[in-house]
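Be aware that the sequence shown starts at 1, since it is given in full-length UniProt numbering, and climbs by one per residue.
All residues carry an ideal CB built from backbone N, CA and C; glycine is no exception.
Bear in mind that the values here come from a model prediction, so they are computed numbers and not experimental data.
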Amino acid sequence: MFPLKLKLCPCGARPSVSQTKQAHARIVVSGLSNDAHLLAQLLSALALSSSTPLHYPLSIFNSLRYPSVFAANNLIRCFAKSDSPRKAVLFYASIRRRHLHVNNYTYPFLLQACSNASALLEGLQIHAHLFKLSFSSDLYVRNALIHFYSACSRIQCSARVFHETAGCRDVVTWNAMLAGVVRDGQIEDARKLFQDMPDRDDISWSTMIMGYVQAGMLEEGLNCFKEMRGMGVNPNEASLVTVLSASAQLGLLEHGKQVHLLVDSMNLPMTVSLGTALIDMYAKCGCINQSRLLFSKLPKPDIWSWNVMICGLASHGCGQEALALFEKFLSQGFHPANVTFVGVLNACSRAGLVSEGRHYFKLMREFYNLEPEMEHYGCMVDMLGRAGLIVEAMELIEKMQVAPDPVLWATLLGACKLYGLVELGAEIGNKLIHLDPGYHGHYVQLSGIYAKARKWEDVVRIRVLMADQNTSKVAGWSLIEAESGLHRFVAGDKEHPRTVEIYNMLETIMTRISEAGYTPNISSVLHDIGEEEKEKSIKEHSERLAIAFGFLVSGPGECIRIVKNLRVCADCHEATKIMSKVFSRHIVVRDGSRFHHFKDGLCSCNDYW
């Protein structure tokens, strides 16, 4: 018996199906094929293996004349992790009809199967069974019940089980309840539950960090990670991936680098999940070369690794390289998903590759049978609009099988503004205002079109309408990571502790770039303020304040990295190009659309954004 166990699980590793079959062959050759105990051990090994064809463990179980509860539990476990977890319930029903014994280990595996299948009705019946058979007070069963109800979005039922026996809890119980509350999006309740926990492990911290990040509370998630490290708890892979995601979304390169160093210092294996998270972080923090390097070192990148790399290249304007990588992706036998084509079409849009974009959009629908979603149409309309093909973009929208959303029309409205199509822009702008009257941005876009055409009466009319509608405005901000902290600026910001220094630096910058030929572009600023006030309005945009602060806190020649939530305006784009040349700085700006690498008076977007 001992040699068999040793063969199945060398060095504590999970046995593969191939290893289990080899052990099975040895059992048959040794004349022990009727040994129920050995066959039950085979089922246990199959329950632990990562991929098991169901017919094999089922055939072993059926060969048992008097199957034990241990054998039955492991077959349920095989069903639970399969593609057909509901079969575990059918099997359970069959053994109950045969009056086979069950125990407290039966129900956690059975409830896991119901969780994986989101089988609420079956799980409710199982709950009734285990209550009737007096297993409901068992700690492991209660933990499985909490997880099951949470997986089926019945958080109140999870809470009821959690509170029924306060003395029957361990850290797994708390973690299961915390995970359920986080999954339900109740972040404040999750925070309170987390604070009340008598003990926390790495899973507790990881779940709370994930809750913050999923709720969009990125900085809180990073602070929670910092607190965890301060408590001496080593992060698990899930928390590292989550924190890298938060760093990526905020564009915090230095924080992401620290996490990368932590991964290396802990000698963690570079799994596909961790490697993909690092590739995404570096790409979204403006270091596309580092993303390329990490991607080239991944031994077996999966489809998501390829998607992240393709999308990263697209966001940096590396259109041809993104398309070449996509072709390589196809040549290696991968089947593209919807998100893959978002990256591909975005690459075409950012690089102005119109014919290529048309080709891949057609390929997506006709060869891969993928129905375009709103994001795909958005990329195509953006691509055609940037190229001045407004009529073709309109025709594409009219042929859509679903009603276009306001974002699609707003994209086309931006193209009308770019090419000075006042009448069409007015038509689309008024349509947008009708579709979404409470959104501030539509009024601003439309008034911008009128301002560019110097139709000031229409500008005033739109502004009055905007005031009457009490519209909601998305505040523009720019973020810079410096001096071990995050610094957020809005236009005209006076709240920063170093405000006086920042504005003095801004004056120096403006003087120097003006001497180099910069002239403010105030054509889109509303007409009812003076020329001097118009220039002041543009000069105090959030990204300029962030850049001025970056100049204050960095050394000569150091790269300055800014994250901006809205699209950079034309005047700030031109000003930043001149700054990069006058001050010999590499300035990287990630706006709401793409990356801009400003260097030597030029931008990586080639003024095509």
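Considering only the alpha carbon of each residue, which of Ile279, Val161 and Arg77 lies closest to Arg142? Val161
I need the DSSP call for Gly385, collapsed to helix, strand or coil. helix
Ala80 to Glu543, Cα distance in whole Å? 52 Å
Buried or exposed for Pro556, going by 16 or more other Cβ atoms inside 10 Å? exposed
Can you name the start and end residues of the beta strand (DSSP E) that Leu506 belongs to? No beta strand (DSSP E) contains Leu506, which is instead part of the alpha helix (DSSP H) from Thr499 to Glu515.
Member of Arg594, Arg14 and Ala25 whose CA lies at the smallest distance from the CA of His573: Arg594
Identified DSSP bridge partners for Leu46: Note: Leu46 sits in no beta bridge, so no partner.
What are the boundary residues of the beta strand (DSSP E) that Leu486 is part of? Gly485 to Val490
In the DSSP assignment, the beta strand (DSSP E) including Leu479 goes from what residue to what residue? Trp477 to Ala482
C-alpha gap between Pro198 and Leu120, whole angstroms: 31 Å
Which residues does DSSP pair with Lys595 in a beta bridge? The sequence shown places Phe at residue 595, rather than the Lys named in the question. Phe595 pairs with Arg590.
Assigned exposure category for Glu481 - 16 Cβ within 10 Å defines buried: buried
Burial state of Phe61, where buried means 16 or more other Cβ atoms lie within 10 Å: buried
Looking only at C-alpha atoms, which of His359, Lys87, His99 and Lys132 sits nearest to Ser118? Lys87
Could you check whether Gly414 and Gly388 sit closer than 8 Å to each other, using their CB atoms as the reference points? no
For Val402, which of helix, strand or coil comes out of DSSP? coil
By the DSSP assignment, the alpha helix (DSSP H) with Lys452 in it spans what residues? His440 to Lys452
Would Lys132 be called buried (16 or more neighbouring beta carbons within 10 Å of its own) or exposed? exposed
Backbone CA spacing between Cys78 and Ser16 [nearest angstrom]: 13 Å
Inspect the beta-carbon positions of Ser265 and Ala238 and report whether they are closer than 8 Å. no
Assigned secondary structure, Lys564 (DSSP; H/G/I helix, E/B strand, else coil): strand
Per the DSSP calculation, Leu545 is bridged to which residue(s)? Partner(s): none; Leu545 has no beta bridge.
Rounded Cβ spacing between Ala314 and Ala347 (contact assumed at less than 8 Å): 4 Å
Apart from the five residues on each side of it in sequence, which residues of its chain come closer than 7 Å, Cβ to Cβ, to Leu602? Lys577
Would you identify the three-state DSSP class for Leu602, choosing helix, strand or coil? strand
Use the C-beta contact count for Gln112: other C-beta atoms within 10 angstroms, 16 or more gives buried, fewer gives exposed. buried
Option in Glu423, Tyr419 and Ser554 with minimal Cα separation from Ser484: Ser554
Taking the alpha carbon of Ser478 as the reference point, which residue from Asp493, Ser331 and Glu122 has its own alpha carbon closest? Asp493
Taking C-alpha atoms, which residue in Ser273, Asp302, Met309 and Met270 lies nearest to Asn289? Met309
Between Ala72 and Ile95, which are expected to be in contact by the criterion C-beta below 8 Å, what is the C-beta distance as a whole number of angstroms? 6 Å
Return yes when the Cβ of Ile126 is within less than 8 Å of the Cβ of Tyr140, no when it is not. no
Do you know whose CA, among Glu501, Ala36 and Phe341, lies nearest Gly312's CA? Phe341
State the CB to CB distance for the pair Ser407 and Ile397, rounded to an integer number of angstroms; the pair is presumed to be in contact (CB under 8 Å). The sequence shown places Val at residue 407, not Ser. With a Cβ gap of about 12 Å, Val407 and Ile397 do not count as contacting.
For Leu421, collect the residues of the same chain with a Cβ closer than 7 Å to its Cβ; drop the 5 residues on either side in sequence, then sort them by chain order. Ile390
Start and end residues, alpha helix (DSSP H) containing Trp174: Val171 to Arg183
Return the Cβ separation of Asn104 and Asp138 in integer angstroms, given the expectation that the two are a contact with Cβ distance under 8 Å. 4 Å
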